[in-house]
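In what follows, a single structure is set out as structure tokens and then discussed.
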Amino acid sequence: MNRSHTLAGLRDRPDIAVLVIGGGINGISVFRELALQGVDVVLAEKGDYCSGASAALSRMVHGGLRYLENGEFKLVRESLLERDRLLRNAPHYVAPLPTTVPIFDIFSGLANGAVRFLGLTRRPSRRGALVIKTGLAMYDLFTAARRLMPTHRFRGRAETLRKWPAINPAIRNSATYYDAWVSRPERLGLEMLLDATASAANARALNYALVSSTGDSLAITDTLTGEQLPVRAQLVINATGGWIDLTNKAIGAAAQTMMGGTKGSHLIVDNAELFDALGGHMVYYENEDGRICILFPYLGKVLIGSTDIRVDDPDKVRCEEDEQRYILQSLAFVFPSIKVAENQIVFRFAGVRPLPASEDSFTSRIPRDHFCEFVEASGRLPATLCM
Ligand SMILES: Cc1cc2nc3c(=O)[nH]c(=O)nc-3n(C[C@H](O)[C@H](O)[C@H](O)COP(=O)(O)OP(=O)(O)OC[C@H]3O[C@@H](n4cnc5c(N)ncnc54)[C@H](O)[C@@H]3O)c2cc1C
9 MNRSHTLAGL
19 RDRPDIAVLV
29 IGGGINGISV
39 FRELALQGVD
49 VVLAEKGDYC
59 SGASAALSRM
69 VHGGLRYLEN
79 GEFKLVRESL
89 LERDRLLRNA
99 PHYVAPLPTT
109 VPIFDIFSGL
119 ANGAVRFLGL
129 TRRPSRRGAL
139 VIKTGLAMYD
149 LFTAARRLMP
159 THRFRGRAET
169 LRKWPAINPA
179 IRNSATYYDA
189 WVSRPERLGL
199 EMLLDATASA
209 ANARALNYAL
219 VSSTGDSLAI
229 TDTLTGEQLP
239 VRAQLVINAT
249 GGWIDLTNKA
259 IGAAAQTMMG
269 GTKGSHLIVD
279 NAELFDALGG
289 HMVYYENEDG
299 RICILFPYLG
309 KVLIGSTDIR
319 VDDPDKVRCE
329 EDEQRYILQS
339 LAFVFPSIKV
349 AENQIVFRFA
359 GVRPLPASED
369 SFTSRIPRDH
379 FCEFVEASGR
389 LPATLCM
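If you read the sequence shown in my numbering, its first letter stands for residue 9, the second for the next number, and so on.
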């Protein structure tokens with residue numbers, strides 16, 4: 009990929025078949041699919057590739073165990089299939105992750121799960137052993153035909169405390185199952201982008217390239233020089249995640265509000281005691297408010313997250329002090345004797361989950377499934393597919 013060649017090509021030939029806006033994992037994936045099918049496609053990303061949500065994730069490549077209780081079975085089945093594909097196709101970034109759920113109750117969550125299924129409540133609640141057992145049995149069932157990793161196992165209190173001596177002694181059981189993790193998600197995205205441009209001469213990608221409307225056409229602004237290049241596309245794909253509504257506005261697409269993004273923040277801490285306490289497992293636990301949190305050995309440090317807060321402007325998100333406090337408090341719930349000092353926090357990051365607009369008062373209950381919306385062409389603006 010040579011930036012000046014790409015810019016010169018756009019100056020000479022502004023007519024293209026498809027313009028993909030957004031160079032996160034979704035924009036890159038659709039760009040690659042189109043490129044491999046020989047479509048004349050340009051991808052424009054206003055910052056660095058994979059610098060939005062695609063760099064801010066919890067690094068889990070998972071089926072979404074907790075989506076089962078929202079009834080999102082199709083999503084979980086599909087995500088498990090994709091997880092297993094990534095384990096096979098990208099073993100240099102994606103690896104199995106033993107994941108342990110500490111359990112403090114036997115029956116908790118059963119009644120709540122049932123009433124939620126009937127639509128009588130959406131409030132998150134603590135999940136007990138039976139609810140977790142049911143979820144994990146379904147997880148195993150969905151992957152039975154292509155078993156890549158061990159099935160789940162339960163441990164009693166004594167065995168759990170032997171394996172994780174620092175865990176909250178109020179524990180009753182633990183459940184261990186396998187998911188996967190991605191070490192460097194942004195590099196995975198970049199590899200897919202390079203694969204697309206190397207395989208197809210008609211696939212061109214530009215970063216530091218902001219797409220907006222000039223009134224009667226679309227333009228890509230090279231934000232490094234300020235040069236504005238008009239482009240005429242037959243189809244626009246708006247893959248700007250948490251920015252989808254802002255992008256529709258910027259390009260003049262007459263669309264309803266689609267997004268209700270929530271911010272999630274994480275900490276990376278350098279604390280050897282905590283790292284050792286995890287015993288190589290991700291600990292996937294519920295905070296006292298019923299929210300799922302994770303603790304995870306990550307490249308010699310520990311990744312802890314996350315929060316889930318509604319936001320309007322994805323350009324302004326960062327991990328705030330109160331989020332940092334929330335994350336550290338949640339840690340105290342699962343490993344009460346381990347203290348993380350302020351100077352052991354080596355990195356904080358935040359991103360916006362691209363979730364559909366929702367009135368739900370509990371952000372964790374907003375559906376996680378993908379959606380695509382088609383906005384008809386109007387005037388000089390081509391049809392826009394938002395995804
Ligand atoms: C806290 C958190 C934890 C998560 N954990 C996980 C997890 O563990 N596992 C998992 O699978 N998923 C997880 N996710 C979800 C996952 O990160 C997202 O689903 C995914 O990254 C979305 O990718 P995207 O390409 O749609 O959006 P993004 O990666 O946000 O990409 C959108 C891009 O559009 C660009 N853009 C915006 N406007 C314009 C414009 N006008 N012109 C050009 N470019 C523009 C932005 O700069 C941005 O790079 C998590 C998300 C968050 C925030």
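All residues carry an ideal CB built from backbone N, CA and C; glycine is no exception.
Sixteen is the threshold: when 16 or more other Cβ atoms of the shown chains lie within 10 Å of the Cβ of Ser314, as they do, the residue is buried.
With a minimum length of 4 residues, the unbroken runs of alpha helix (DSSP H) contained wholly in the stretch 185-234 fall at 193-207. If you check the C-beta of Met68 against ligand 1, you find a heavy atom less than 6 Å away. With a cutoff of 6 Å, Val219 counts as near ligand 1, since its C-beta is closer than that to a heavy atom of the ligand. Excluding sequence positions up to five before and after Val348, its CB lies within less than 7 Å of the CB of Val277, Asn279, Leu282, Leu336, Leu339, all in the same chain and listed in chain order. By the Cβ neighbour-count rule, Arg74 is buried, with 16 or more other Cβ atoms within 10 Å of its own. The Cβ-Cβ distance between Ala188 and Ile140 does not fall below 7 Å. The closest heavy atom of ligand 1 lies 6 Å or more from the beta carbon of Arg40. Glu167 counts as exposed, since fewer than 16 other C-beta atoms from the protein chains shown sit within 10 angstroms of its C-beta. Collapsing the DSSP output to three states places Pro177 in coil. C-alpha of Phe343 to C-alpha of Asp253: approximately 41 Å in a straight line. Relative to the non-hydrogen atoms of ligand 1, the Cβ of Ile276 never comes closer than 6 Å to any of them. Nearest Cα to Arg11 within the set Arg161, Met146, Ala211: Ala211. Counting along the chain, the unbroken alpha helix (DSSP H) around Gly35 starts and ends at 33-44. A residue is called buried once 16 or more other Cβ atoms fall within 10 Å of its Cβ, and Val354, having fewer, is exposed. With a beta-carbon spacing of about 20 Å, Pro106 and His274 fall beyond the 8 Å limit used to define contacts.
By the neighbour-count criterion, in which 16 or more other beta carbons inside 10 Å mark a residue as buried, Cys301 falls on the buried side.
Here the alpha carbon of Arg161 sits roughly 16 Å from the alpha carbon of Pro104. For Val190, the closest alpha carbon among the candidates Ala63, Gly164, Val28, Asp48 is that of Ala63.
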